[in-house]
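Asks: Residue numbers (our numbering): 48 to 353.
(1) Does the distance from the C-beta atom of residue 278 to that of residue 292 stay below 9 Å?
(2) Which value, in whole angstroms, describes the spacing of the CA atoms of residue 286 and residue 269?
(3) Output the residue ranges of the alpha helix (DSSP H) runs that lie fully inside the segment 240-304 and measure 4 residues or longer, sorted by chain position.
(4) Rounded to a whole number of angstroms, what is the C-alpha to C-alpha distance between residue 214 and residue 264?
(5) Output yes or no for whether 9 Å exceeds the beta carbon distance between residue 321 and residue 335.
(6) Buried or exposed for residue 243, going by 16 or more other Cβ atoms inside 10 Å?
(7) Residue range of the alpha helix (DSSP H) that residue 164 falls in?
(8) Between the C-alpha atoms of residue 236 and residue 248, what's the straight-line distance to the nearest angstrom?
(9) In or out: residue 163 buried (at least 16 other Cβ within 10 Å) or exposed?
(10) Mind checking whether residue 315 and residue 298 have CB atoms under 9 Å apart?
(11) According to DSSP, simplified to helix, strand and coil, what is residue 329?
(12) Which of helix, strand or coil does DSSP assign to residue 322?
(13) Whose CA, out of 332, 317, 319, 288, lies closest to the CA of residue 307?
(14) Name the two residues that bound the continuous alpha helix (DSSP H) containing residue 222.
(15) With a threshold of 7 Å on Cβ separation, who are the neighbours of residue 153 within its own chain once the five nearest residues in sequence on each side are excluded?
(16) I'd like the list of long-range same chain contacts for residue 338, defined as Cβ closer than 7 Å, with 5 residues on each side in sequence excluded.
(17) Please check the pair residue 208 and residue 224, which I expect to be a contact at CB under 8 Å, by giving their CB distance rounded to whole angstroms.
(18) Just the Cα atoms here: how many angstroms apart are residue 319 and residue 176?
(19) Assuming residue 187 is part of the alpha helix (DSSP H), what are its boundary residues?
(20) Indicate whether residue 239 and residue 255 have their beta-carbon atoms separated by less than 9 Å.
(21) Please say whether residue 258 and residue 275 have beta carbons closer to each other than 9 Å?
(22) Less than 6 Å between C-beta atoms, sequence neighbours within five positions excluded: which residues of the same chain meet that for residue 178?
(23) Please report the distance separating the alpha-carbon of residue 211 from that of residue 228.
(24) So residue 170 and residue 182 are supposed to be a Cβ contact under 8 Å. How far apart are they, rounded?
(25) Would you tell me roughly how many angstroms separate the C-alpha atoms of residue 206 and residue 185, rounded to the nearest one?
(26) Excluding the 5 residues preceding and the 5 following residue 341 in the sequence, name in chain order all residues of the same chain whose CB lies nearer than 6 Å to its CB.
Given below as structure tokens:
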């Protein structure tokens, strides 16, 4: 059978997480079949190694001999391939392409290229909007099987990622655990290019950057006020809705903002954290201190006139 005929008979795989990679490698291993035919007509020398006589490995060695990889890279891949199954080799093939920087699968819609067909297929769904993986509980659909698996934890309540080193908290997603870990380690990997501040979360950096640019992308639909962060808009909207979600535990008063509740609570506790620098008198609110200070500034003006 000719090499062309063999390529024509390649089976069509049903899509799953590995099928695209397997199909890619099936194309490589077609060369193996033709070599097997030649091998039946011309006996190999008895000095050949197990690695060379293994049809799968031989096709890889031939591929490597014609590749642009260095000799050390070729040797490394030969060691990986030796004794491996077809499925293992398919993953090695992808790894080879990644190491070489080879990306032979370009997207026709944009400039992105990929090292294997499966990644290209996944990427294409960002253009087509295809979502072939559906949740059987709520019928929500996803473009990737990994996204569906992650979503399913909202139904099962599963939290497989635990903060074992510092506390007993668990999380549904690995990214949430990584974010949480920074509260323990103090790591702040996101730095502002305009100043020397660093942040533990990217969202915090983005919010900070708006203080540099003056950008206020969150606008109130009721009036013309805009805000640099969504939390500021949410707080502002309570002026229009009349919502007061922060109730006092001591009385029936409710407040629209946390700081208002804290200020109100001092009427119950008697706390006076704001002190006058002139006479050491204490006040429950900063506005009361400012009003009080006029007594001292007025006296000083009067004294200077005398």
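No residue lacks a Cβ here, since even glycine has one placed at the ideal position from N, Cα and C.
Replies: Taking the coordinates as given:
(1) Mapped onto the chain shown, residue 278 falls at position 231. Mapped onto the chain shown, residue 292 falls at position 245. In this structure, residue 292 does not lie closer than 9 Å to residue 278 by Cβ.
(2) Residue mapping note: residue 286 aligns to position 239 of the chain shown, counting from 1. Residue mapping note: residue 269 aligns to position 222 of the chain shown, counting from 1. So the alpha carbons of these two residues sit roughly 10 Å apart.
(3) The segment 240-304 contains these whole alpha helix (DSSP H) runs: 249-260, 277-288.
(4) As a first step, residue 214 is located in the chain shown; it is residue number 167 there, counting from the start. As a first step, residue 264 is located in the chain shown; it is residue number 217 there, counting from the start. A straight-line Cα-Cα distance of about 37 Å links residue 214 and residue 264.
(5) As a working note, residue 321 is residue 274 in the chain shown. As a working note, residue 335 is residue 288 in the chain shown. Against a cut-off of 9 Å, the Cβ pair of residue 335 and residue 321 comes out as a contact.
(6) The sequence position of residue 243 within the chain shown is 196, counting from 1. Its Cβ having fewer than 16 others within 10 Å, residue 243 is exposed.
(7) For the purposes of this step, residue 164 is identified with residue 117 of the chain shown, where counting begins at 1. Its alpha helix (DSSP H) spans residues 164-175.
(8) Stepping through the chain shown from its first residue, residue 236 is reached at position 189. Stepping through the chain shown from its first residue, residue 248 is reached at position 201. For residue 236 and residue 248, the distance between alpha carbons rounds to 8 Å.
(9) Position 116 of the chain shown, counted from the start, is the residue given in the question as residue 163. Flag for residue 163 reads buried.
(10) As a working mapping, residue 315 is identified with position 268 in the chain shown. As a working mapping, residue 298 is identified with position 251 in the chain shown. Remark: C-beta atoms of residue 315 and residue 298 approach each other more closely than 9 Å.
(11) Sequence index remark: in the chain shown, residue 329 carries index 282 (1-based). Residue 329 falls in the strand class under three-state DSSP.
(12) Walking along the chain shown from the start, residue 322 turns up at place 275. DSSP places residue 322 in strand when its eight states are reduced to three.
(13) Walking along the chain shown from the start, residue 307 turns up at place 260. Looking at the Cα atoms, 332 is the closest of the given residues.
(14) Your numbering for residue 222 matches position 175 in the chain shown. Counting along the chain, the alpha helix (DSSP H) containing residue 222 begins and ends at 221-232.
(15) As a working mapping, residue 153 is identified with position 106 in the chain shown. The answer, listed in chain order, is 160.
(16) Along the chain shown, one-based indexing puts residue 338 at 291. Within the same chain, residue 338 has no close Cβ partners at all.
(17) As a position in the chain shown, residue 208 is number 161, starting the count at 1. As a position in the chain shown, residue 224 is number 177, starting the count at 1. The Cβ separation is near 4 Å, so the contact holds.
(18) For this step, residue 319 is matched to residue 272 along the chain shown. For this step, residue 176 is matched to residue 129 along the chain shown. C-alpha separation (whole angstroms): 59 Å.
(19) Locating residue 187 in the chain shown gives position 140, where the first residue counts as 1. Looking at the DSSP string, residue 187 is not in any alpha helix (DSSP H), and its letter there is neither H nor E.
(20) Translated into the one-based positions of the chain shown, residue 239 becomes position 192. Translated into the one-based positions of the chain shown, residue 255 becomes position 208. Contact: yes.
(21) The sequence position of residue 275 within the chain shown is 228, counting from 1. The sequence position of residue 258 within the chain shown is 211, counting from 1. Yes.
(22) Along the chain shown, one-based indexing puts residue 178 at 131. Once the five neighbours on either side are set aside, the close Cβ partners of residue 178 are 188, 189, 190.
(23) Within the chain shown, numbered from 1, the residue matching residue 211 stands at position 164. Within the chain shown, numbered from 1, the residue matching residue 228 stands at position 181. Those two C-alpha atoms are separated by around 10 Å.
(24) Here the question's residue 170 lines up with position 123 in the chain shown. Here the question's residue 182 lines up with position 135 in the chain shown. Not confirmed; about 22 Å, so no contact.
(25) Position 159 of the chain shown, counting from 1, holds the residue named residue 206. Position 138 of the chain shown, counting from 1, holds the residue named residue 185. Their backbone Cα atoms lie some 19 Å apart in a straight line.
(26) Here residue 341 is taken as the residue at index 294 of the chain shown, counted from 1. Within the same chain, residue 341 has no close Cβ partners at all.
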